[in-house]
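Number of protein chains: 2
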Amino acid sequence: MKMGQGVEWALHSCVNMSWTPVGEAVSSARLAAFYKLPAAYLNKQLQALVRAGILASVSGPRGGFQLARRPDQISVLDVVLAIEGKDDSFRCEGILKDAPGGAMDVDYARTCLISQTMRHAEVTWRTELSRQTIAGIATSIERRFPDAKEATVRELVGARGQNQPRLA
Amino acid sequence: MKMGQGVEWALHSCVNMSWTPVGEAVSSARLAAFYKLPAAYLNKQLQALVRAGILASVSGPRGGFQLARRPDQISVLDVVLAIEGKDDSFRCEGILKDAPGGAMDVDYARTCLISQTMRHAEVTWRTELSRQTIAGIATSIERRFPDAKEATVRELVGARGQNQPRLA
DNA sequence: GCCGCACTACTCGGATATTTGTTGTCCGAGTCTCTTCGG
DNA sequence: CCGAAGAGACTCGGACAACAAATATCCGAGTAGTGCGGC
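Chains A and B are the protein sequences, given in the same order.
Per this note's numbering, the very first residue in the first sequence carries number 268; after that it's consecutive.
Per this note's numbering, the very first residue in the second sequence carries number 268; after that it's consecutive.
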């Protein structure tokens, strides 16, 4: 019952990308440097978002990732499911099949009341997450921390022309 | 984001124990045989419920487990937290601490809006599970499958005198 | 000066190790029951 | 016949091993920019 670290990274990355100019991609290396994260692993997580249709990727110089659709069309649930997989966290293994009186041809995930209870709770959880969008979170942050957006954009795209790492 | 198998086993076991006569313990071996589960591993899960104060254990012959309090005082959430641990599934690792402009002495689990969103969704999930009790599920099953309780009790405690035939 | 071409640098993407957590197994400490022996 | 002591068997409890998944890393395929040579 432990959610992968990639969810947190992916959500922050999506919010940041909702601030960068549309059409300009942000490389995973730059995002990773922003948060001091392992670059290759963050890249792996963003790949999952691409497979889910949340991000679009561009190869080569000036390449990277960008949102595949408008931020208000990306829910938090979309991101969570892209990283963690679409399966329910509670998996009913059909424990009743092997119990006395159990039948093989019954879908206990539907009839078992315990399974129903867990599923119902999970539906409320998902509904809650599906109500929140990347755009909503971004505007809330802008309202609460007015400097965050500008500072983030400056750090992510403003450093575009820094090809001189030879500062020694 | 995958819940342990022990949660399902523990919930079924608790419902079954709510049907057995109070004062009589049910051994993990018997419960495991009922569901065709690995006995030692089920025992391990029930130990976690004992540590959480949900079950009480009795050693020796005629020993086993029994509910430590009334079934209507045991919520589904209690069982889930006992098995999976009390921590939130979404762990905010304070990603913003290492970001530009981040401060070490800020509790980002509180201020970070992404963390707040995830936490809020999880609270609704927990609230939903805390509303359901073992007794509630048990009575629902009794209403829906009138034979279940009797069959379960017969299988779990009725086979008590199997080594010594004291059949009436 | 302008165009075309090869070269380089940079990116994603997937294949590959390493660490952590879940699943499963085993044996020991404790205790209740049954048997047996003495009163 | 009755009671108590001892052997036996059954239980939980935690320590140990096997397996799967999350975490972290590395290298190859492809592409856009760049510099150079020719026109």
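Where is the CB? At the ideal position from N, CA and C, for every residue including glycine.
C-alpha distance - residue i paired with residue j, whole-angstrom precision
| i | j | result |
| --- | --- | --- |
| A:I443 | A:P338 | Since the displayed chain A opens at 268 and closes at 435, residue 443 of chain A lies outside it and no answer follows. |
| A:V274 | A:V346 | 7 Å |
| B:Q340 | B:P367 | 49 Å |
| B:Q312 | A:A370 | 26 Å |
| B:V424 | B:H279 | 16 Å |
| A:L344 | A:F332 | 20 Å |
| B:L298 | B:V282 | 11 Å |
| B:V373 | B:K364 | 8 Å |
| B:G403 | B:P413 | 15 Å |
| B:L316 | A:A292 | 50 Å |
| A:I329 | A:G271 | The question names Ile, yet the displayed sequence has Arg at residue 329 of chain A. Straight-line Cα distance between these residues: approximately 29 Å. |
| A:T309 | B:Y302 | Correcting the residue type first, residue 309 of chain A is Leu in the shown sequence and not Thr. When rounded, the distance between both Cα atoms is 42 Å. |
| A:K269 | A:H387 | 19 Å |
| B:R433 | B:E422 | Caution is warranted here: a pLDDT of 31 is assigned to B:R433, below 50, making its placement in the model unreliable, and no coordinate value can be reported. |
| B:A300 | B:V420 | 14 Å |
| B:S382 | B:R318 | 30 Å |
| A:L304 | A:T406 | 25 Å |
| B:I321 | A:T378 | 26 Å |
| A:C470 | B:C359 | Any answer about residue 470 of chain A is impossible in this case: the structure gives chain A only from 268 up to 435. |
| A:Q314 | B:Q314 | 41 Å |
Supposed close pair residue i, residue j - CB separation, criterion 8 Å
| i | j | result |
| --- | --- | --- |
| B:A415 | B:I408 | 6 Å |
| B:S295 | B:A277 | Rounded, the Cβ-Cβ distance is 11 Å, inconsistent with contact. |
| B:T384 | A:T391 | Between A:T391 and B:T384 the Cβ distance is about 15 Å, and since that is not below 8 Å, they are no contact. |
| A:A335 | A:A349 | In fact, because the Cβ distance is near 11 Å, the residues do not count as touching under 8 Å. |
| A:S397 | A:S342 | 5 Å |
| A:E389 | A:D355 | 6 Å |
| B:L380 | A:R393 | With 8 Å as the limit, B:L380 and A:R393 do not qualify as a contact, their Cβ atoms being about 19 Å apart. |
| A:Y375 | A:G352 | Going by Cβ atoms, the distance from A:Y375 to A:G352 rounds to 22 Å, so no, they are not a contact pair. |
Burial state of residue i (16 or more Cβ within 10 Å)
| i | result |
| --- | --- |
| B:Q399 | buried |
| B:T287 | buried |
| B:F357 | buried |
| B:G290 | exposed |
| B:S326 | exposed |
| B:A435 | Note that B:A435 scores 27 on pLDDT, short of 50, meaning its location in the model is unreliable; the coordinates nonetheless yield the value given after this. By the 10 Å Cβ count, B:A435 comes out exposed. |
Paired residues, beta bridge with residue i - DSSP
| i | result |
| --- | --- |
| A:T400 | A:S342 |
Residue i: CB within 7 Å of a non-hydrogen atom of the ligand GDP
| i | result |
| --- | --- |
| A:K416 | This structure lacks the ligand GDP; in fact it carries no ligand of any kind. |
key: Contiguous beta strand (DSSP E) assignments of at least 3 residues, all confined to the segment 326-398 of chain B   = 331-334
task = Jot down the residue ranges of each uninterrupted beta strand (DSSP E) in the segment 271-336 of chain A, minimum 3 residues, whole runs only, in chain order.
result = 322-325 and 331-334
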